[in-house]
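Asks: What follows is a single structure, and I will ask about it in a moment.
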Amino acid sequence: MHPKNLISITDFTKDDYLRIMELAAEFENEPNQNLLNGKIVATLFYEPSTRTRISFETAITRLGGRIVGFTDSSSSSVSKGETLHDTIRMVSNYVDMIVMRHPLEGSARYASQIADVPVINAGDGANQHPTQTLLDMYSIMKTQGRLDNINIFLVGDLKYGRTVHSLLQALSVFENPIFNFIAPPELAMPIEYKRYLDEKGIRYFEHNEFTNIISEADIIYMTRVQKERFTDPMEYEKVKNVYILRNNMLENTKPTMKILHPLPRVNEIHTDVDANPKAYYFTQALNGMYTREAIISHIIGLK
Amino acid sequence: MDKALQVSAIKDGTVIDHIPAERLFDVINILELDSCRDMITFGTNLDSKRLGLKAIIKVANRFFQGQEINKIALIAPNAKLNTIKNYHVVEKRVVEIPSEITNIVKCFNPKCITNHESITTRFKVESKKPIELRCMYCEKITSEKQVVIR
Chain A
0 MHPKNLISIT DFTKDDYLRI MELAAEFENE PNQNLLNGKI VATLFYEPST RTRISFETAI
60 TRLGGRIVGF TDSSSSSVSK GETLHDTIRM VSNYVDMIVM RHPLEGSARY ASQIADVPVI
120 NAGDGANQHP TQTLLDMYSI MKTQGRLDNI NIFLVGDLKY GRTVHSLLQA LSVFENPIFN
180 FIAPPELAMP IEYKRYLDEK GIRYFEHNEF TNIISEADII YMTRVQKERF TDPMEYEKVK
240 NVYILRNNML ENTKPTMKIL HPLPRVNEIH TDVDANPKAY YFTQALNGMY TREAIISHII
300 GLK
Chain B
0 MDKALQVSAI KDGTVIDHIP AERLFDVINI LELDSCRDMI TFGTNLDSKR LGLKAIIKVA
60 NRFFQGQEIN KIALIAPNAK LNTIKNYHVV EKRVVEIPSE ITNIVKCFNP KCITNHESIT
120 TRFKVESKKP IELRCMYCEK ITSEKQVVIR
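Chains as they are written, first to last, in numbering that gives the first Met the number 0: chain A, 0 to 302; chain B, 0 to 149.
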């Protein structure tokens, strides 16, 4: 059974995750497949997003589909005051699928209730960005050969970072994950996610800084520590340089370890890491295209 | 003085007792009693050992269904329902928090879509004590202290 939408990462089952991994590998092998021939997909981007939009649009084009839509709300009827409800009602009459990014949380779930065509959430505010999580999982699968028994370090803004929350939930359905959290106390992993892990009996460890313990990592997942998240600018100044990953810190890490980052990065991964074969973030972004081809095909039921 | 006599008795209907005094009008709104055609009497700021000040509502000829009355559980968790027939209490009930809350509570998250468009709010009750409601749209938790009636 094919899920109709992808709004939240928890809408997919473990079988869906594994099927996406399989399909993404197929698309990596042969990216151009004419499965969406004659189909039209709307990409509604109410706020700009370079990587996500381009990777979705490339994925749709490689599948032979055509695209209508807008790249920011100033060029849509939103600027005339149209509600999301009316825009979605109208657009869903025209197209076969909707990909939407919107700054308000819950907007994608709402759109999926209005539209009679499938909706893929390409980010709803600070809430969910499930296609990012699936491409993160595909990157882990590809580099580690498995999604079970992964020791993952999540670093940076663990309080507001939607990608780390979704990844935590997704990896929790696999065997024996170990989570290590590295964050300043102000941006620590919220209690509700720790409670979620406790209930499932999954191990996690919290750290305030990088230590030698990263030698145990299979994956180091970096995120941006954003200045605007701090109420006290002094607090930001104190922590802003604590979470920078540099090449000389990677010496004792596993040879198979990979560094992931949802991008864009600012300074949290020093550019001297880029040449290290353990740096995987640019390939990770490429994996996004294959993963999105897989997600679209899975939802429309083409594969 | 017998409190029951502070609001005159009804022959048939329902008495909702032990409502926190400050929530009386929220209860009236949620139960849509403002559009009810039957006789309604209420008293408020009555002394209560448990609540300090309480309110009581008596609705003649109305008998509430379970789900209908559970809607008030969020704001009047200690409310008691007495079903009256021929001036006698024939049934006593307490309210229970339902597992899903529809269109009563406002999501606390200012960035939630339900606070920007005209949408019926829906929450899954994650915990009843203390109350924790997960918005089915933005997925954030509205806690007991944050509960605001729409």
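Just so it is clear, CB atoms sit at the ideal spot from N, CA and C, and this is done for glycine as well.
Nearest chain A C-beta to Ile-112/B closer than 8 Å, yes or no?
Replies: Position 113 of the second sequence holds residue 112/B. Ile-112/B counts as touching chain A.
Asks: At a Cβ threshold of 8 Å, is Glu-21/B touching chain A?
Replies: Taking the first residue of the second sequence as position 1, residue 21/B is located at position 22. No, Glu-21/B does not count as interfacial toward chain A.
Asks: Show which residues of chain B have a CB atom less than 7 Å away from the CB atom of Ser-72/A.
Replies: For the purposes of this step, residue 72/A is taken as the residue at position 73 of the first sequence. Here the premise fails: no neighbours, minimum Cβ distance about 13 Å.
Asks: Just list the residues that DSSP pairs Pro-19/B with in beta bridges.
Replies: On the second sequence, position 20 is the one that residue 19/B refers to. Bridge partners of Pro-19/B: Lys-53/B.
Asks: Between Leu-249/A and Val-272/A, what straight-line distance do the alpha-carbon atoms span, to the nearest angstrom?
Replies: Position 250 of the first sequence, counted from the start, is the residue given in the question as residue 249/A. Position 273 of the first sequence, counted from the start, is the residue given in the question as residue 272/A. Taking the straight line from one Cα to the other gives about 9 Å.
Asks: Could you tell me the alpha carbon to alpha carbon distance between Asp-135/A and Thr-9/A, rounded to whole angstroms?
Replies: Position 136 of the first sequence, counting from 1, holds the residue named residue 135/A. Position 10 of the first sequence, counting from 1, holds the residue named residue 9/A. If I take the Cα positions, the gap works out to 15 Å.
Asks: If you run the structure through DSSP and keep just helix, strand and coil, what is Leu-34/A?
Replies: As a first step, residue 34/A must be located in the first sequence, where it is residue number 35. In the structure shown, Leu-34/A sits in a helix (DSSP, three-state: H, G or I).
Asks: Determine the DSSP secondary structure at Arg-161/A, reduced to helix, strand or coil.
Replies: Mapped onto the first sequence, residue 161/A falls at position 162. Correct three-state label for Arg-161/A: helix.
Asks: Could you work out which residues of chain B lie near Thr-82/A, taking near to mean beta carbons separated by less than 7 Å?
Replies: Indexing the first sequence from 1 puts residue 82/A at position 83. The contacting residues are Glu-116.
Asks: Go ahead and pull the three-state DSSP assignment for His-297/A.
Replies: For the purposes of this step, residue 297/A is identified with residue 298 of the first sequence, where counting begins at 1. Reduced to three states, the DSSP call for His-297/A is helix.
Asks: Give the secondary structure of Met-38/B by DSSP, where H, G and I count as helix, E and B as strand, and everything else as coil.
Replies: As a first step, residue 38/B must be located in the second sequence, where it is residue number 39. The answer is coil: DSSP assigns Met-38/B none of H, G, I, E or B.
Asks: Would you report the Cα separation of Thr-243/A and Ser-7/A, rounded to the nearest angstrom?
Replies: Here the question's residue 243/A lines up with position 244 in the first sequence. Here the question's residue 7/A lines up with position 8 in the first sequence. The sequence shown places Ile at residue 243/A, not Thr. Using only the alpha carbons, I get a separation of about 30 Å.
Asks: Beta-carbon within less than 8 Å of Ala-72/B's beta-carbon, same chain only, minus the 5 sequence neighbours each way: which residues are those?
Replies: Looking up residue 72/B in the second sequence gives position 73. Correct list, in chain order: Ala-78, Val-94, Glu-95, Ile-96 and Pro-97.
Asks: Output the distance between the C-alpha atoms of Lys-2/B and Tyr-86/B, rounded to the nearest integer angstrom.
Replies: Taking the first residue of the second sequence as position 1, residue 2/B is located at position 3. Taking the first residue of the second sequence as position 1, residue 86/B is located at position 87. Any reading at Lys-2/B is ruled out, since the residue's pLDDT is 49, under 50, leaving its predicted position unreliable.
Asks: Using a Cβ cut-off of 8 Å, which residues of the stretch 124-135 of chain B contact any Cβ in chain A, in chain order?
Replies: Flagged, chain order: Cys-134 and Met-135.
Asks: When the Cα of Lys-38/A is compared with those of Thr-252/A, Lys-3/A, Lys-239/A and Gly-64/A, which residue comes out closest?
Replies: For the purposes of this step, residue 38/A is taken as residue 39 along the first sequence, with counting starting at 1. Residue Gly-64/A is the option with its Cα nearest to Lys-38/A.
Asks: The stretch 42-68 of chain A: which residues have C-beta closer than 9 Å to a C-beta of chain B, in chain order?
Replies: Listed by position, the residues of the stretch 42-68 of chain A near chain B (Cβ gap below 9 Å) amount to none.
Asks: Distance cutoff 8 Å, beta carbons only. Does Ile-140/B sit that close to anything in chain A?
Replies: In the second sequence, the residue the question calls residue 140/B occupies position 141. Closer than 8 Å to some Cβ of chain A, the Cβ of Ile-140/B qualifies, so yes.
Asks: Can you pull the chain E neighbours of Asn-28/B, defined as C-beta to C-beta under 8 Å?
Replies: Among the protein chains in the structure shown, which are A and B, there is no chain E.
Asks: Quick one, which residues of the stretch 189-210 of chain A are near chain B if we go by CB-CB under 8 Å, in chain order?
Replies: Here the close residues are Glu-191.
Asks: Could you give the residue range of the beta strand (DSSP E) that holds Glu-125/B?
Replies: By one-based count along the second sequence, residue 125/B stands at place 126. Looking at the DSSP string, the run of the beta strand (DSSP E) that includes Glu-125/B is 121-127.
Asks: Can you check the stretch 230-256 of chain A for any alpha helix (DSSP H) of at least 4 residues that lies completely inside it and give the ranges in chain order?
Replies: Runs found: 232-238.
Asks: So, are the CB atoms of Thr-290/A and Thr-60/A less than 8 Å apart?
Replies: Position 291 of the first sequence, counting from 1, holds the residue named residue 290/A. Position 61 of the first sequence, counting from 1, holds the residue named residue 60/A. No, Cβ-Cβ distance for Thr-290/A and Thr-60/A is not below 8 Å.
Asks: Given a cut-off of 8 Å on the beta-carbon distance, is the pair Pro-117/A and Lys-3/A in contact?
Replies: In the first sequence, the residue the question calls residue 117/A occupies position 118. In the first sequence, the residue the question calls residue 3/A occupies position 4. Contact flag set, yes.
Asks: Closer than 8 Å, CB to CB, is Asn-108/B near chain A or not?
Replies: Position 109 of the second sequence, counted from the start, is the residue given in the question as residue 108/B. Chain A, which has a Cβ nearer than 8 Å to the Cβ of Asn-108/B, makes this yes.
Asks: Can you tell me which of the three DSSP states Glu-174/A falls into?
Replies: Looking up residue 174/A in the first sequence gives position 175. Correct three-state label for Glu-174/A: coil.
Asks: Below 8 Å on the Cβ atoms is my contact criterion, and I expect Glu-104/A with Ala-121/A to pass it. Report the Cβ-Cβ distance as a whole number of Å.
Replies: Locating residue 104/A in the first sequence gives position 105, where the first residue counts as 1. Locating residue 121/A in the first sequence gives position 122, where the first residue counts as 1. Wrong, their Cβ atoms sit about 14 Å apart, outside the cutoff.
Asks: Among residues of its own chain, excluding the 5 on either side of Val-6/B, which ones have a beta-carbon nearer than 7 Å to its beta-carbon?
Replies: By 1-based counting over the second sequence, the position of residue 6/B is 7. If we look at Val-6/B and ignore the five residues flanking it on each side, its Cβ neighbours are Thr-40, Phe-41, Gly-42, Ile-55 and Lys-57.
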